[in-house]
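What follows is a short report on a single structure.
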Ligand code: DC
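Numbering (our numbering), first residue to last: 3 to 228.
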């Protein structure tokens, strides 16, 4: 088996709503590589802590939760969405909510929580390659990645995408409220002391505002296979 360090990695970092999740999945499929959805790990910790009644500002308790959490990604047989099993419970639906996103962003500022996730994230690096989706994939977790992309889109475009997704699911949300949440989350993710959201050195910047998905996929794919 190839040594983990020589397994190629494509890191895709960027703010929420930049299209990272969709693009990472499609590019990983096209390359035949594995996928790491690191945001799901932070969401899972926020969710598990909440389920145990832990106050998210209780650093020691949240850290213990991060150190002991069991997270499994289970691909569905019909090629549909991947299920996320957290401490034995299928939490796929709960993890996608705005509440889970906000909880993830809140606990992601805790250095010991981020540290607890390092080995788990590195373990996804397996042949033939890995697409790693997150905020600090190219800067902190896989700084030696051969290929790095930073995806962005304007805050209003990201709010509109999120609005459509949530409306399609029948949830009641307002565009103005989502825009406020997105801007607050961007600010928190970019200004935190540990692993703030910023483009990795050498990352290819792709602004997806107004760009159709297939065009973004082609652009990102070309970073790996020019
Ligand atoms: O990508 P996402 O929306 O699922 O991420 C949820 C939150 O988790 C995000 O607001 C910040 C945090 N996060 C992080 O700090 N580092 C990562 N690599 C991925 C996500």
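Just so it is clear, CB atoms sit at the ideal spot from N, CA and C, and this is done for glycine as well.
By the neighbour-count criterion, in which 16 or more other beta carbons inside 10 Å mark a residue as buried, residue 149 falls on the buried side. Going by beta carbons, residue 160 and residue 19 fall inside the 8 Å limit. Between residue 198 and residue 205, the gap from beta carbon to beta carbon reaches 8 Å or more. The Cβ neighbour count for residue 93, taken over all protein chains shown within 10 Å, is at least 16; the residue is labelled buried. The shortest CA-to-CA distance from residue 49 to any of 134, 98, 138 is the one to 98.
Closest in alpha carbon position to residue 223, among 13, 196, 9, is 13. Inside the segment 35-89, DSSP marks whole alpha helix (DSSP H) runs of 4 or more residues at positions 40-53, 61-70, from first to last along the chain.
Under DSSP, residue 136 forms a beta bridge with 15. Selection 46, 16, 105 evaluated against residue 57 yields 105 as nearest (Cα-Cα). Contact between residue 180 and residue 164 holds, since their C-beta atoms are separated by about 5 Å, short of 8 Å. Inclusion of residue 25 and residue 218 in the CB contact set at 8 Å is warranted, their separation being smaller than that value.
Counting every other CB atom within 10 Å of its CB across the protein chains shown gives residue 215 a total below 16, marking it as exposed. Three or more beta-carbon pairs drawn from the segment 132-147 and the segment 40-47 are found closer than 8 Å, and the two stretches are therefore classed as touching.
Residue 44 has its CB nearer than 7 Å to a heavy atom of ligand 1. Looking at the backbone, the Cα of residue 32 and that of residue 133 are separated by about 11 Å. Per DSSP, the continuous beta strand (DSSP E) segment holding residue 151 begins and ends at 149-154. For residue 209, the uninterrupted beta strand (DSSP E) segment begins and ends at 206-209.
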